[in-house]
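A.B. asks: Structure below; questions to follow.
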Amino acid sequence: MMATKAACLVCQIVENKIPSKKVYEDEFVLAVLDVNGAVPGHCFVMPKNHYSIIEQVPDIEIGRLFQASNKISSAIFESLGVQGTNIFVANGVPAGQTVAHFTINVIPRKDNDGINLQWQPKQLSEEEMSTVELKLKEQTKNIGHFEKEEKKPRAYAAKPKIISEEEEEYFTKQMRRLT
Amino acid sequence: MPEQNITPEQLKALQEKIKQMSPEELKEFQKKQCIFCQIVAGKVQSKKIYEDEKVIALLDINPSNPGHVLLLTKEHYSIMPQIPDDELAHVFMAVKSLSNAMLRSIDAQGTNIIVANGIAAGQRAQHFMVHVIPRKENDGINFVLPQNAMQQADIEDIGNRLVASLKGASEDAKMPEQKSKGIDLDDISKILGAR
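Protein chains in written order, with the working numbering: chain A, 5 to 183; chain B, 1235 to 1429.
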């Protein structure tokens, strides 16, 4: 079942219906301490508007969310005396997403802290590499036109972008995969 | 970086030389040593799938899954806190588009986005990069993020330390250009180890 805004845990945190330890907030972004995190200081950075997956988040909010994540990463280095940080996003259930509200994890790291974000490299043939290269290139041809400016300040934050029926159908399909 | 055979004397001389470099000289030195700067400059071959004025995306030659992409800044930065805000926004707008492309072109059912700052976080190269990983069910990747309930006292203590550290950023809702403070090149060599 697709989680709606009303049922969304993160939206309830944004609306203060669920208490949280906030560490950062601006017009678009809320960051809270994950009180059940991988290590102490693990933070969630979330858009205030409800989006399930990264595809739905407007470019301008993407910029703000990762800028905030970077500031939190710097703050973690500065104030928690750690040796590293990870930025981690799980987009879709097969990628490990558990809550249907786009979330960035900022994770303080030390040696032997029990976290594993490593992988075993897979051996691909030259042909497999070329096939995947061509397929991806076909799709990346048209990217690069990022919407960096706010078109209508304020009104934008209050009213999420209206998406076309075609897009809606695509996202719904993605969300079915999410469940 | 490939292993090089140098004598302990040569190593010592090199370390001494690095110590006496100005920050600008050090950056130039790091750039020359950096394999990813050579890829950006086209001196080392790669399977490039996207490029614009600020970033370049290429296929990882040791992929976690077919289609695993590395997104690099063209400029040499060691870790994310060094990157200016406008460039950082651009990087992740490109990441979003690459994630979209994976869902549409290679039947990915999801994606992971990972940045590692520091060796302890799994960073291997001294050039900032974002991993964008296409995911499918049962693809053999198993990231482990344990859950540990925090004590109430720790929540307050750690939360307040972060709030204090973020105060300047949080008050300014518009978040203008801001140089990250508190991290200088000395700290970075600690984070990345003396290599």
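Using N, Cα and C, we set each Cβ at its ideal position, and we do this for glycine too.
So, does the CB of A/Gln16 fall closer than 8 angstroms to a CB anywhere in chain B?
C.D. replies: Here the question's residue 16 of chain A lines up with position 12 in the first sequence. No, A/Gln16 lies away from the interface with chain B (no Cβ there is under 8 angstroms from its Cβ).
A.B. asks: Specify whether the region 1388-1399 of chain B and the region 1361-1375 of chain B touch according to this definition: at least 3 beta carbon pairs, one from each stretch, less than 8 angstroms apart.
C.D. replies: no
A.B. asks: Are the CB atoms of B/Leu1322 and B/Met1363 within a distance shorter than 8 angstroms?
C.D. replies: Taking the first residue of the second sequence as position 1, residue 1363 of chain B is located at position 129. Taking the first residue of the second sequence as position 1, residue 1322 of chain B is located at position 88. Their beta carbons are not under 8 angstroms apart, which means B/Met1363 does not touch B/Leu1322 by this criterion.
A.B. asks: Residues of chain B with CB under 7 angstroms from A/Pro44, in chain order?
C.D. replies: Numbered from 1 along the first sequence, position 40 holds the residue referred to as residue 44 of chain A. Under the 7 angstroms cutoff, chain B gives Met1384, Asp1388, Ile1392.
A.B. asks: Just to check, is the beta-carbon of A/Val27 closer than 7 angstroms to a non-hydrogen atom of the ligand FMN?
C.D. replies: The model depicted lacks the ligand FMN and carries no ligand whatsoever.
A.B. asks: Measure from the C-beta of B/Leu1396 to each C-beta in chain A and report whether the shortest distance is under 8 angstroms.
C.D. replies: Here residue 1396 of chain B is taken as the residue at index 162 of the second sequence, counted from 1. For B/Leu1396, the answer is yes, since a Cβ of chain A falls inside 8 angstroms of its Cβ.
A.B. asks: Would you kindly work out how many angstroms separate the C-alpha atoms of A/Lys210 and A/Val36, rounded to a whole number?
C.D. replies: Only positions 5 to 183 of chain A appear in the structure, and residue 210 of chain A is not among them; the question remains open.
A.B. asks: By Cβ distance below 6 angstroms, which residues in the same chain neighbour A/Ala10 in space, the five residues on each side in sequence not counted?
C.D. replies: Residue numbering aside, residue 10 of chain A sits at position 6 when the first sequence is read from its first letter. If the five residues before and after A/Ala10 are omitted, its C-beta is found closer than 6 angstroms to no C-beta atom of its own chain.
A.B. asks: Return the first residue and the last residue of the beta strand (DSSP E) that B/Ile1347 is part of.
C.D. replies: Residue numbering aside, residue 1347 of chain B sits at position 113 when the second sequence is read from its first letter. Looking at the DSSP string, the run of the beta strand (DSSP E) that includes B/Ile1347 is 1344-1351.
A.B. asks: Counting only Cβ pairs nearer than 7 angstroms, list the residues of chain A close to B/Met1327.
C.D. replies: Within the second sequence, residue 1327 of chain B is the residue found at index 93, counting from 1. Under the 7 angstroms cutoff, chain A gives Asp63, Ile66, Gly67, Phe150.
A.B. asks: Return helix, strand or coil for B/Arg1358, following the three-state DSSP convention.
C.D. replies: Sequence index remark: in the second sequence, residue 1358 of chain B carries index 124 (1-based). DSSP places B/Arg1358 in coil when its eight states are reduced to three.
A.B. asks: Could you check which residue in B/Gln1360, B/Asp1294, B/Thr1307 has the C-alpha nearest to that of A/Val136?
C.D. replies: Residue mapping note: residue 136 of chain A aligns to position 132 of the first sequence, counting from 1. Looking at the Cα atoms, B/Asp1294 is the closest of the given residues.
A.B. asks: Which ranges does the alpha helix (DSSP H) cover as unbroken runs of at least 4 residues, wholly within the region 1278-1343 of chain B, from first to last along the chain?
C.D. replies: Uninterrupted alpha helix (DSSP H) stretches at least 4 residues long and entirely within the region 1278-1343 of chain B occur at 1319-1339, given in chain order.
A.B. asks: Establish whether the CB of A/Ala159 and some CB of chain B are separated by less than 8 angstroms.
C.D. replies: On the first sequence, position 155 is the one that residue 159 of chain A refers to. Confidence at A/Ala159 is low in this model, with a pLDDT of 46, below 50, so the placement of that residue should be treated as unreliable; the coordinate-derived value is given next. It does not; no Cβ of chain B falls within 8 angstroms.
A.B. asks: Rank A/Leu121, A/Val27, A/Glu59 by C-alpha distance to the C-alpha of A/Ser73 and give the top, closest one.
C.D. replies: Your numbering for residue 73 of chain A matches position 69 in the first sequence. Closest option to A/Ser73, Cα to Cα, is A/Val27.
A.B. asks: Give the single residue among B/Tyr1311, B/Arg1338, B/Lys1288 whose Cα lies nearest to the Cα of B/Gln1357.
C.D. replies: Locating residue 1357 of chain B in the second sequence gives position 123, counting from the first residue. Of B/Tyr1311, B/Arg1338, B/Lys1288, the residue nearest in Cα terms is B/Tyr1311.
A.B. asks: At a Cβ cut of 9 angstroms, what residues of the region 1309-1320 of chain B count as close to chain A, listed as they run along the chain?
C.D. replies: Listed in sequence order: Ile1313, Met1314, Pro1315, Ile1317, Asp1319, Asp1320.
A.B. asks: Quick check on this structure: which residue in A/Pro125, A/Asn116, A/Gly118, A/Ile80 has the alpha carbon closest to the alpha carbon of A/Val110?
C.D. replies: Position 106 of the first sequence, counted from the first residue, corresponds to residue 110 of chain A. Ranking the options by Cα distance to A/Val110, first place goes to A/Ile80.
A.B. asks: Out of B/Ser1280, B/Gly1276, B/Lys1246, state which residue places its alpha-carbon closest to the alpha-carbon of A/Glu130.
C.D. replies: Counting from one through the first sequence, the residue named residue 130 of chain A turns up at place 126. If we check each option's Cα against that of A/Glu130, B/Ser1280 comes out closest.
A.B. asks: Express the C-alpha separation of A/Val93 and A/Gly100 in angstroms, rounding to a whole number.
C.D. replies: If you number the first sequence from 1, residue 100 of chain A lands on position 96. If you number the first sequence from 1, residue 93 of chain A lands on position 89. Distance from the CA of A/Gly100 to the CA of A/Val93, rounded to the nearest whole angstrom, comes to 9 angstroms.
A.B. asks: Between A/Phe185 and chain B, is there a C-beta pair that is closer than 8 angstroms?
C.D. replies: Beyond the ends of chain A as shown, which are 5 and 183, falls residue 185 of chain A; an answer cannot be given.
A.B. asks: Cα separation between B/Arg1429 and A/Leu13?
C.D. replies: For the purposes of this step, residue 1429 of chain B is taken as residue 195 along the second sequence, with counting starting at 1. For the purposes of this step, residue 13 of chain A is taken as residue 9 along the first sequence, with counting starting at 1. Confidence at B/Arg1429 is low in this model, with a pLDDT of 39, below 50, so its placement is unreliable and no value can be given for it.
A.B. asks: By DSSP, does A/Lys26 sit in helix, in strand, or in coil?
C.D. replies: Position 22 of the first sequence, counting from 1, holds the residue named residue 26 of chain A. Look at A/Lys26 here: in three-state DSSP terms it is strand.
A.B. asks: Do you know how far the Cα of A/Thr89 is from the Cα of B/Ala1350?
C.D. replies: As a first step, residue 1350 of chain B must be located in the second sequence, where it is residue number 116. As a first step, residue 89 of chain A must be located in the first sequence, where it is residue number 85. Cα-Cα distance, rounded: 6 angstroms.
A.B. asks: Given that A/Glu137 touches chain B, what residues does it touch there, using C-beta distances under 7 angstroms?
C.D. replies: Locating residue 137 of chain A in the first sequence gives position 133, where the first residue counts as 1. Those within 7 angstroms of A/Glu137 in chain B are Lys1281, Ile1283, Leu1293.
A.B. asks: Since B/Pro1188 is in the alpha helix (DSSP H), which residue starts that stretch and which ends it?
C.D. replies: It is not possible to answer for residue 1188 of chain B, since the shown part of chain B is limited to 1235 through 1429.
A.B. asks: Using beta carbons (cut-off 8 angstroms, strictly below), is B/Met1409 in contact with chain A?
C.D. replies: For the purposes of this step, residue 1409 of chain B is taken as residue 175 along the second sequence, with counting starting at 1. With a pLDDT of 39 at B/Met1409, under the threshold of 50, the modelled position of that residue is not reliable, and no figure is offered here.
A.B. asks: Quick one: give me the first and last residue of the alpha helix (DSSP H) that A/Ala72 is part of.
C.D. replies: As a working note, residue 72 of chain A is residue 68 in the first sequence. From DSSP, the alpha helix (DSSP H) with A/Ala72 extends over 63-84.
A.B. asks: Answer with buried or exposed for A/Gly118, where buried requires no fewer than 16 other C-beta atoms within 10 angstroms of its C-beta.
C.D. replies: One-based indexing of the first sequence puts residue 118 of chain A at position 114. A/Gly118 comes out exposed.
A.B. asks: Measuring CA to CA, which of A/Val33, A/His54, A/Pro51, A/Pro23 is closest to A/Val2?
C.D. replies: Any answer about residue 2 of chain A is impossible in this case: the structure gives chain A only from 5 up to 183.
A.B. asks: Rounded to whole angstroms, what is the Cα-Cα separation between B/Leu1332 and A/Phe48?
C.D. replies: Taking the second sequence and counting its residues from 1, the one referred to as residue 1332 of chain B is at position 98. Taking the first sequence and counting its residues from 1, the one referred to as residue 48 of chain A is at position 44. For B/Leu1332 and A/Phe48, the distance between alpha carbons rounds to 23 angstroms.
A.B. asks: Given that B/Ala1335 touches chain A, what residues does it touch there, using C-beta distances under 8 angstroms?
C.D. replies: Counting from one through the second sequence, the residue named residue 1335 of chain B turns up at place 101. Neighbours of B/Ala1335 on chain A, chain order: Leu140, Gln143, Thr144, Ile147.
A.B. asks: Grouping DSSP H, G and I as helix and E and B as strand, with all else coil, what is A/Ile108?
C.D. replies: Position 104 of the first sequence, counted from the start, is the residue given in the question as residue 108 of chain A. Here A/Ile108 sits in strand by DSSP.
A.B. asks: Please classify B/Ile1252: does DSSP put it in a helix, a strand, or coil?
C.D. replies: Residue 1252 of chain B sits at position 18 when you count from the first residue of the second sequence. The answer is helix: DSSP assigns B/Ile1252 an H, G or I state.
A.B. asks: How would you label A/Ser134, buried or exposed, when you count the other beta carbons within 10 angstroms and need 16 or more for buried?
C.D. replies: Your numbering for residue 134 of chain A matches position 130 in the first sequence. By the neighbour-count rule (16 or more Cβ atoms within 10 Å), A/Ser134 is not buried but exposed.
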